[in-house]
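Numbering (the numbering used here) for the sequence shown: 168 to 1354.
Structure first, commentary second.
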Amino acid sequence: MSSNRGDGNLIGSFQLARGTARDARRFSRVLLATTSIAGFGLAPMAVSPAFADDWNGSASANWFTVGNWSGGVPTGADSVYIDTVTPNAPVIGSAGAQAAGLSVGYSGTGTLTIQNGGTVTNTFGIIGYGPVSKGTATVDGAGSSWTNSGDLFVGYSGDGTLTVKNGGKVSNNFGSIGGNSGSIGAVTVDGPGSSWTSSGNLYVGYSGDGTLTVKNGGAVSDVQSAIGYFSGSTGAVTVEGADSSWTNSGFLYVGNSGIGTLTVTNGGGVSSAAGYIGYGFGSVGTVTVDGAGSSWSSSSSLFVGVYGKGTLMVSSGGKVSNSIGYIGYGAGSTGNMVTVDGSTWTNSGDLFVGYSGDGDLMIQNGGKVSNSVGYIGFYSSSTGAVTVDGVNSSWTNSGDLAIGYLGAGTLTIQGGGKVSNAFGYIGANSGSGAVTVDGANSSWTNSGNLYVGQSGAGTLTVKNGGKVSNADGYIGAESGSTGTVTVDGPGSSWTNSTALFVGYSGTGTLTVTSGGTVSNTYGYIGANSGANFGSTGTVMVTGAGSSWTNSGDLYVGTFGAGSLTIQNGGMVSAGSVFVASAAASTGTINIGSGIGDAATAPGILAAADLQFFQGSGSLVFNHTGANYGFATNLSGGGTVRQMAGFTNLTGNSNGFTGATTVEGGTLAVNGVLGGTLDVLAAGRLQGTGTVGNTTVAGTIAPGNSIGTLNVAGNITFNAGSTYEVEVNAAGQADRIDATGTAAINGSTVQVLNAPGVYALGSHYTILTAADGVSGTFAGMTQSSPFSTPFLSFGLSYDPNAVYLDVSRSSVTFASAGLTPNQIATGGGLDSAPPSSSLVAAIAQLDALSVRSALDQLSGEVHASAKTALAEDSRFARDAVNDRLRAAFDAVGAVNIPVMGYADGEPMLAPATTDRFAVWGSGFGSWGHTGGDGNAARLKRSTGGFFVGGDGLVFDTWRLGAVAGYSRTDFTLRDRGSSGTSDNYHLGLYGGTQWGNLAFRTGAAYTWHSISTDRTVAFPGFTDSLTGDYNAGTAQVFGELGYGMRAGDIGFEPFANLAYVNLHTDGFTEKGGAAALTSAAATTDATLTTLGLRASSGFMLGAVSATAKGTLGWRHTFGDVTPLSTMAFAGGTPFSVTGVSIARDAAVVEAGLDFAVTPSATVGVSYHGQFASGVSDQSVRADFSMKF
168 MSSNRGDGNL IGSFQLARGT ARDARRFSRV LLATTSIAGF GLAPMAVSPA FADDWNGSAS
228 ANWFTVGNWS GGVPTGADSV YIDTVTPNAP VIGSAGAQAA GLSVGYSGTG TLTIQNGGTV
288 TNTFGIIGYG PVSKGTATVD GAGSSWTNSG DLFVGYSGDG TLTVKNGGKV SNNFGSIGGN
348 SGSIGAVTVD GPGSSWTSSG NLYVGYSGDG TLTVKNGGAV SDVQSAIGYF SGSTGAVTVE
408 GADSSWTNSG FLYVGNSGIG TLTVTNGGGV SSAAGYIGYG FGSVGTVTVD GAGSSWSSSS
468 SLFVGVYGKG TLMVSSGGKV SNSIGYIGYG AGSTGNMVTV DGSTWTNSGD LFVGYSGDGD
528 LMIQNGGKVS NSVGYIGFYS SSTGAVTVDG VNSSWTNSGD LAIGYLGAGT LTIQGGGKVS
588 NAFGYIGANS GSGAVTVDGA NSSWTNSGNL YVGQSGAGTL TVKNGGKVSN ADGYIGAESG
648 STGTVTVDGP GSSWTNSTAL FVGYSGTGTL TVTSGGTVSN TYGYIGANSG ANFGSTGTVM
708 VTGAGSSWTN SGDLYVGTFG AGSLTIQNGG MVSAGSVFVA SAAASTGTIN IGSGIGDAAT
768 APGILAAADL QFFQGSGSLV FNHTGANYGF ATNLSGGGTV RQMAGFTNLT GNSNGFTGAT
828 TVEGGTLAVN GVLGGTLDVL AAGRLQGTGT VGNTTVAGTI APGNSIGTLN VAGNITFNAG
888 STYEVEVNAA GQADRIDATG TAAINGSTVQ VLNAPGVYAL GSHYTILTAA DGVSGTFAGM
948 TQSSPFSTPF LSFGLSYDPN AVYLDVSRSS VTFASAGLTP NQIATGGGLD SAPPSSSLVA
1008 AIAQLDALSV RSALDQLSGE VHASAKTALA EDSRFARDAV NDRLRAAFDA VGAVNIPVMG
1068 YADGEPMLAP ATTDRFAVWG SGFGSWGHTG GDGNAARLKR STGGFFVGGD GLVFDTWRLG
1128 AVAGYSRTDF TLRDRGSSGT SDNYHLGLYG GTQWGNLAFR TGAAYTWHSI STDRTVAFPG
1188 FTDSLTGDYN AGTAQVFGEL GYGMRAGDIG FEPFANLAYV NLHTDGFTEK GGAAALTSAA
1248 ATTDATLTTL GLRASSGFML GAVSATAKGT LGWRHTFGDV TPLSTMAFAG GTPFSVTGVS
1308 IARDAAVVEA GLDFAVTPSA TVGVSYHGQF ASGVSDQSVR ADFSMKF
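So, in structure tokens, the structure goes:
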């Protein structure tokens, strides 16, 4: 189109101001009648000059009234000017009105109404010509028409309004709404039958502002049109309502160089050949097709953003159709956006999103876009982005789809959106592309192959349940390309109906994580190599539920470099796995992490076979699993590297001819592993399977507990290595059987002996070599947790085997003891025969357990029983002294009732009777002696009675005899020991009084029948032991007391001396190997007591009462710590001590006697002895009656 705009006005150099001069007006009118409209490129019109005819409306509003015109009713030769609306505005109400040029609002305000079938014909028409003019034209009703054989300007330089309604019709050649800058034009075509027909082009906002509204069935047609033609112009077109239409037989420009807006709504329709939105530099075009039935149909291509900014919104059921679609056509065009919201955009040809510029496509809320081939980011200067969002939203490509063809492209499928095509390309040629398929029910379906990084850089992310499917899949297809695919999350999947290539000729990376899944038939990682190829493929499958399923075989490093990492519970499955197929290829499979990375949890490789071929292939175990099982059979000559974790090989890998190195962690071979095996310093080898030639610099431990590891060949133990041998008491031990030689170069044997009773002299085979053993182990150690310092494990050799022998160690049991009794008992055990079951059992224990056992074995109860019996000897002394003090009415005497004889008949008598008297006394006590860190706490109780008789001799002496019985119970709970003693007492006594000085003395002997029970229980040994033996206690004693009174209070200081001798017979306990034999022994002690007794009488109401008490200090000389000497069967004697007799003790007595009647007395008393760690107490009640 030729513009020839000159100064920007449509008339160009021929525009003149009207002024007031009639000549100027007439000259300009001639020009209007004879000159083309240069701005529109119109051809000259063959019209003869004519005179102007002005409307004055002085007579009426009727066009056909002569008086309303300055020159009479116009003819087809007159140029007509309507510049006034007063007193009347012109109305054409019938057919036949004519004019050459018709101007409504030339320099003022003009109005023209064509109605009731009125018609007007002229050459060209102008509504709002001058800068300040305002023109309004209305064509109203069926049959009403305005026919312009030339052009029609609505708002030429002023304001113009045209309304076509109720079936009215307007026609012209070229049409313009808002012609020159500053002009405002508005056209409304309203109602069925209403039409505006331009046989040429139509401009809405040529250089000014233009508005076109087509509604309620109105129709507009033209050749080609522009909305916002020149820079600075603004155009807006609205096509509204069913049957409303705008028909462009040629192109439609929305924002040619200015700002253009097209709104098609409520069933309106627009058609054109090609469509352009934002055509020129700086232009802005916006199109909205909204509502069911609303449409824009382009028979040719549709461009959204050619060099300007274009926006297309298709919403609420609207439809757009065309052949080829472009979003962001020209280089530098940015901000171009198409939104298809619940609507459709149909491209019968291809669709380019970002052709040379930037383009965005949003398909949402069930929107649908279709085309042949789709491109996102076509040329290198372009950037394209497509989002398909929401359930039922779809983009259908009947052909291929390229994301990043030469430019940069992104595709996002989310919220249940769907995309489909034939072949898919992400990063085709030198472009870069990224696709994200996000969310459950979101899908991308490729009926053909999918290339992620064909020749450029491509990224595919499938997450949150998204799904991708295709035939073959390629990641990094061509040389120099890079492709990255991530399948992330439960439900996320990539389904390849045929093969998958990760690094076909380029660089490919596949990550399957957090429950994502990938499936295909055959899988290839690092497929090609050669002069123009150098493929690298990397795959990681990580996370519980993550899986890569190959229904066929899997190739890792076919001709290029391939790496597969399976970790954190991820799974890879295949028929067979082939590693490093070609000579120049490399293939690595990592279980857990790769070399140099921190170990992580392992994944699962589910394949029957793994075969290493001509290239450099390796299988790496670098994981944190505590018991990871690997059942795949290995073959070929690759490398197996155990780096970390516990790996259990259970497959039959007899066909493996490569090298295995155990560099860290544990490798358990419980199947067959061929080739060579090196256990490095930080590595550990175990299992019950078969390995090839093996060299150990770390640790080898046959079995998985106790078992045999077979070596099909030679085994070498290097200096610094450890052979870990587990043994048990049942005669089982770890073992290595080699079919070749065993070379021992300074290794150490570490023995792990399980709990149990080992037979001393046991002989275990731990290594055999059919072709001979050379060298010896440098040493042997025993390791926790089954430390046995009292057992010795030694090595012995013959030409073809190494043995482990069990014997008693040089560590003595006595050395384990901490207390004297433990040391002594240990010494006794050390002297026992090594064949003793007791020695064998205790030799299995660690030092701490041995100490507990020695305490139980010591027989300490026999020594502590002596303390109990020596302490209880006081009861005979106390009974005699109490009787003698009562007989002489000493201070604080005990009211022991006596039976006297008168005339040969027994009778109750006072304690001081001078007749022969018979008396009786009961006693009981309980107490304990605390442990002293050597002997354990002794708890004891005693109860019994004495019966005696005495008479007066030599007037002042009283002599008598005493007999009695008691039973003593004693317990050493910490030693599992207890006992009883039945005691039989017999003695003589006598006493006298010399004034206030009293003398009391006696001698007694007690026969003891002792029974003991002991339980010995420690790991590997139990025994129940009983002992029965006799003992006797002989004692002599005497006391001096001096009685005195001070008023009602009586005092008696006293001194007591006793010698006690305890003799125990020898005995042998009954029981098992822990039974002790003891020889007879004697223990004696001398006891002195110094103290004071006191008593006082008082009245308690009407009852006479006596309070009495004793406080004394007892000191013991002699054998205060009893000793028992015993021996185990076959051993030498050892001595243990019991708890000690208190060397110093406080003696306390307190009592009250009540004379309840003149002849009856009731008494209660408390007796106690206390020392450090010692307590012995008793309570006694007495009742006496006089008759």
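Every residue gets a Cβ at the ideal spot worked out from N, C-alpha and C, and that includes glycine.
- For the beta strand (DSSP E) assignment, the uninterrupted runs of no fewer than 3 residues enclosed by the stretch 1063-1145 are, from N- to C-terminal side, 1065-1069, 1072-1076, 1084-1096, 1105-1120, 1124-1139.
- Beyond the five residues adjoining it in sequence on each side, Leu369 comes within less than 7 Å, by CB distance, of Gly342, Asp389, Ser392 in the same chain, given in chain order.
- Going by C-alpha positions, Met480 is about 17 Å away from Gly557.
- When DSSP states are grouped into helix, strand and coil, Ala1294 belongs to the strand group.
- Pairwise C-beta distances place the stretch 1175-1189 out of contact with the stretch 1073-1089, as fewer than three of them are shorter than 8 Å.
- The three-state secondary structure of Phe590, taken from DSSP, is coil.
- Residue burial annotation: Leu919 is buried, with at least 16 other C-beta atoms found within 10 angstroms of its C-beta.
- For Asp307, the secondary structure class from DSSP, reduced to helix, strand or coil, is strand.
- Counting only residues of its own chain and dropping the five nearest sequence neighbours on each side, Trp1174 has a CB closer than 6 Å to the CB of Tyr1151, Gly1199.
- DSSP places Leu1015 in the helix class (H, G or I) of the three-state scheme.
- In the DSSP assignment, Phe745 forms a beta bridge with Tyr722, Gln778.
- Excluding residues up to 5 positions away in sequence, Thr430, Met480 lie with their Cβ nearer than 6 Å to the Cβ of Thr455 in the same chain.
- With a beta-carbon spacing of about 5 Å, Gly1210 and Glu1219 fall inside the 8 Å limit used to define contacts.
- Contact check for Asn339 against Asp326 fails: the beta carbons are separated by 8 Å or more.
- For Lys476, the enclosing beta strand (DSSP E) starts and ends at 476-482.
- The beta carbon of Ser1263 is closer than 6 Å to those of Asp1215, Ile1216, Ala1274 in its chain, skipping five residues each way along the sequence.
- Looking at Val1341, Val1306, Ala1128, Thr1159, the one whose alpha-carbon comes closest to that of Asp1122 is Thr1159.
- In this structure, the alpha-carbon of Gly898 lies about 34 Å from that of Asn800.
- Taking 4 residues as the shortest admissible run, the stretch 479-559 contains no complete alpha helix (DSSP H) segment at all.
- Three or more Cβ pairs drawn from the stretch 636-649 and the stretch 603-622 lie within less than 8 Å of each other, which places the two stretches in contact.
- The C-beta separation of Gly792 from Phe813 comes to about 6 Å, placing the pair in contact by the 8 Å criterion.
- The residues Phe1321, in chain order, have a CB closer than 8 Å to that of Leu1267 in the same chain once the five nearest residues on each side in sequence are set aside.
- Here the C-alpha atom of Ser361 lies approximately 50 Å from the C-alpha atom of Asp605.
- In the structure shown, Ala1020 adopts helical secondary structure according to DSSP, grouped into three states.
- The beta carbon of Val437 lies closer than 6 Å to those of Val406, Trp413, Val431, Trp463 in the same chain, with the five residues before and after it left out.
- Under the DSSP definition of a beta bridge, Pro869 partners with Gly854.
- A Cβ-Cβ distance of about 13 Å is found for the pair Thr915 and Phe960, leaving them out of contact under the 8 Å criterion.
- Collapsing the DSSP output to three states places Thr1034 in a helix.
- Three or more Cβ pairs closer than 8 Å define a contact, and the stretch 1294-1303 meets that threshold against the stretch 988-1007.
- Taking each of Pro257, Ile933, Tyr496 in turn and checking the Cα distance to Tyr546, the smallest one comes out for Tyr496.
- Partner residues in a beta bridge of Met810, as assigned by DSSP, do not exist.
- For the pair Thr889 and Gly865, the Cα-to-Cα distance works out to about 6 Å.
- For Ser450, the closest alpha carbon among the candidates Gly458, Tyr474, Val1287 is that of Tyr474.
- A Cβ-Cβ separation of about 18 Å leaves Asp527 out of contact with Gly485 under the 8 Å criterion.
- In the three-state reduction of the DSSP assignment, Val287 falls in the strand class, which pools E and B.
- With the rule of 3 Cβ pairs closer than 8 Å, the stretch 497-517 counts as touching the stretch 535-551.
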